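Numbering (the working numbering), first residue to last: 1 to 58.
Glycine included, each C-beta is placed from N, C-alpha and C at the ideal position.
None of the values given here were measured: they were computed from a predicted structure.
Okay, structure first, notes after.
This is the structure:
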């Protein structure tokens, strides 16, 4: 099996959209990328002053 093209793999905005490209029956509009949401919440906790300056909320 060939290794996936790195540029193609990194161009996916999230895991759900990437998986949907390989599974046509998967509808990405029906799923939430939990990794992206968790990273956002963690960033708000890690940098609260910056989040406040940017007007971001959890």
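Query, Result
"Buried or exposed by the 16-neighbour rule on C-beta atoms within 10 Å, applied to residue 41", "exposed"
"Contacts around residue 26, its chain only, beta-carbon distance under 7 angstroms, and the 5 residues preceding and following it disregarded", "19, 20"
"Residue 49 to residue 55 span [Cα, whole Å]", "10 angstroms"
"6 angstroms CB neighbourhood of residue 17 in its chain, flanking five on each side removed", "28"
"Whole-angstrom distance between residue 22 and residue 39, CA atom to CA atom", "25 angstroms"
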